[in-house]
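So the protein lines, in turn, are chains E and V. Using our numbering, read the first sequence as starting at 1 and increasing by one per residue. Using our numbering, read the second sequence as starting at 1 and increasing by one per residue. Idealized CB from N, CA, C, for every residue including glycine. Written below as structure tokens is the structure these notes are about.
Number of protein chains: 2
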Amino acid sequence: MELSDRQEQIIEIVKENGPITGENIADRLSLTRATLRPDLAILTMAGFLDARPRVGYFYTGKTGSELLTEKLKKFKVKEFQSIPVVVTEDVSVYDAITTMFLEDVGTLFVVNNQSYLVGVLSRKDLIRASMGNQDLSEIPVHIIMTRMPNITVCTKEDLLLEAAQQLIEKQIDSLPVVQEKENGLEVVGRITKTNMTKVLVGLVRDDL
Amino acid sequence: MELSDRQEQIIEIVKENGPITGENIADRLSLTRATLRPDLAILTMAGFLDARPRVGYFYTGKTGSELLTEKLKKFKVKEFQSIPVVVTEDVSVYDAITTMFLEDVGTLFVVNNQSYLVGVLSRKDLIRASMGNQDLSEIPVHIIMTRMPNITVCTKEDLLLEAAQQLIEKQIDSLPVVQEKENGLEVVGRITKTNMTKVLVGLVRDDL
Chain E
1 MELSDRQEQI
11 IEIVKENGPI
21 TGENIADRLS
31 LTRATLRPDL
41 AILTMAGFLD
51 ARPRVGYFYT
61 GKTGSELLTE
71 KLKKFKVKEF
81 QSIPVVVTED
91 VSVYDAITTM
101 FLEDVGTLFV
111 VNNQSYLVGV
121 LSRKDLIRAS
131 MGNQDLSEIP
141 VHIIMTRMPN
151 ITVCTKEDLL
161 LEAAQQLIEK
171 QIDSLPVVQE
181 KENGLEVVGR
191 ITKTNMTKVL
201 VGLVRDDL
Chain V
1 MELSDRQEQI
11 IEIVKENGPI
21 TGENIADRLS
31 LTRATLRPDL
41 AILTMAGFLD
51 ARPRVGYFYT
61 GKTGSELLTE
71 KLKKFKVKEF
81 QSIPVVVTED
91 VSVYDAITTM
101 FLEDVGTLFV
111 VNNQSYLVGV
121 LSRKDLIRAS
131 MGNQDLSEIP
141 VHIIMTRMPN
151 ITVCTKEDLL
161 LEAAQQLIEK
171 QIDSLPVVQE
181 KENGLEVVGR
191 ITKTNMTKVL
201 VGLVRDDL
């Protein structure tokens, strides 16, 4: 549903001044009550405004209509990202697995001694490594990790839906959210299929 | 956006007979054109109908407004579920891990010799088992799996959003979709955070 400029103006007026009578809205726009009637009817029917007899119009705060899709299209990674869990590249596979369990995450990000991203460890990487009958406390994670530049990353300003598409296309559970620095990428967050599932549930609960 | 009964009727008429003139719609409802005008204006603005001069009204097929949320609320598991990957309870952990990689899934469902669900194997279960320095080809999966009744299941008639909520609440990646039989639960599908992420992406792409 696309609103006209005038309808947008009405919503703004009611948001700031509601409850407010139709007369009063008309005055502020220098229009007649009659001219506004269809707009007010539409805004009320669409759920943007509500009207109470002898009180006036007030803003429902509802995200009417396909505003929902519009909203969804504008979500950014930073609004939904989780805290990243990182290990350094010389940590053993055994310790990495322990970290994964303690932190209850599905993916670990690997950084070098300057704290820049150098790799990603998925649960699959860890399972594969641990099947090898080797001593897991002897193998450093940099041997088994997926390394730069074969890592898909995103930034906190990226659109949430672009990140979701990356997760699907690359068939991965998680993306590191990074910030570019002079000598590499700093890991500032993670965005996962769990975040996406929560967004889906939240869309309907209206608590986003 | 809630439509009135009359507006719903108008949509039905246009769906079946469009393109159709306003006159014609009014005739079918035994109303005057003037009476219908506000309804037609609202339906057009909201994107349900479109009007072309000298042609008339036609149905856009667009899911207007919060129809999107309404639609989302009605999605069922069966419309989005994936094929389940099952192993029998006497299979070794080693073979289960191999199956997980070959089938490229994050969760395996474990069935007994009657093909009824008895357990679930997550990647975490498999990592934990493979850290134990034991011979993985000697340990049957029923030793390490999460077992009934500690398994959260759903049916294909369940609402997708209920399944999504279960995934979040129980902190799991996947639910078995089951069908009740006389002696147990048959596994007929799986629904995962990947499915949920795809739904999220699809909502905006409008390809659901």
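### Query
Shorter than 8 Å from the beta carbon of A46 of chain E to some beta carbon of chain V?
yes
### Task
For V55 of chain E, count neighbouring C-beta atoms within 10 Å of its own C-beta (all shown protein chains included) and say buried if the count is 16 or more, exposed if not.
exposed
### Query
How many Å lie between E12 of chain E and F58 of chain E at the Cα?
11 Å
### Task
Work out the CA separation of Q9 of chain E and S65 of chain V for me, nearest whole Å.
Low confidence applies to S65 of chain V: its pLDDT is 43, below 50, so where it sits in the model is not reliable enough to give any reading.
### Query
How should K193 of chain V be labelled, buried or exposed, when 16 other C-beta atoms within 10 angstroms of its C-beta is the threshold for buried?
buried
### Task
Report the residue from E:E89, E:Q171, E:P149 and E:L160 whose alpha carbon sits nearest the alpha carbon of S82 of chain E.
E:L160
### Task
Rounded to whole angstroms, what's the CA-CA distance from Y116 of chain E to I20 of chain E? Just pull it up for me.
55 Å
### Message
Does any residue of chain E have a CB that is nearer than 8 Å to the CB of I13 of chain V?
### Response
no
### Query
So what does DSSP say about P38 of chain V, is it helix, strand or coil?
helix
### Task
For V77 of chain E, decide whether its Cβ has a neighbour in chain V, counting only Cβ atoms nearer than 8 Å.
no
#### Entry: R243 of chain V versus L167 of chain E - alpha carbon distance
No answer is possible for residue 243 of chain V: the residues shown for chain V start at 1 and end at 208.
### Buried or exposed (CB count within 10 angstroms, at least 16 for buried), L136 of chain V
buried
### Task
Flag Q165 of chain E as yes if its beta-carbon sits less than 8 Å from any beta-carbon of chain V, otherwise no.
yes
### Message
Quick check on DSSP: helix, strand or coil for K198 of chain E?
### Response
helix
### 3-residue-minimum beta strand (DSSP E) runs that sit fully inside the region 73 to 134 of chain V, ordered along the chain
86 to 88, 107 to 111 and 117 to 122
### Message
Within a Cβ cutoff of 6 Å, which residues of the same chain sit near D27 of chain V, ignoring the five residues on either side of it in sequence?
### Response
none
### Task
Measuring only between beta-carbons, confirm whether R33 of chain E sits less than 8 Å from chain V.
no
#### Entry: Span separating the alpha-carbon of G202 of chain E from that of Q134 of chain E
44 Å
### Query
Where DSSP assigns a beta bridge to A51 of chain V, which residues make up the other side?
V:Y57
#### Entry: 6 Å Cβ shell around G189 of chain E - same chain, five flanking residues per side excluded
Q81, P84 and V177
#### Entry: Contacts that V199 of chain V makes with chain E (C-beta to C-beta distance below 8 Å)
L200
### Query
Taking DSSP as the reference, what is the three-state secondary structure of G189 of chain V?
strand
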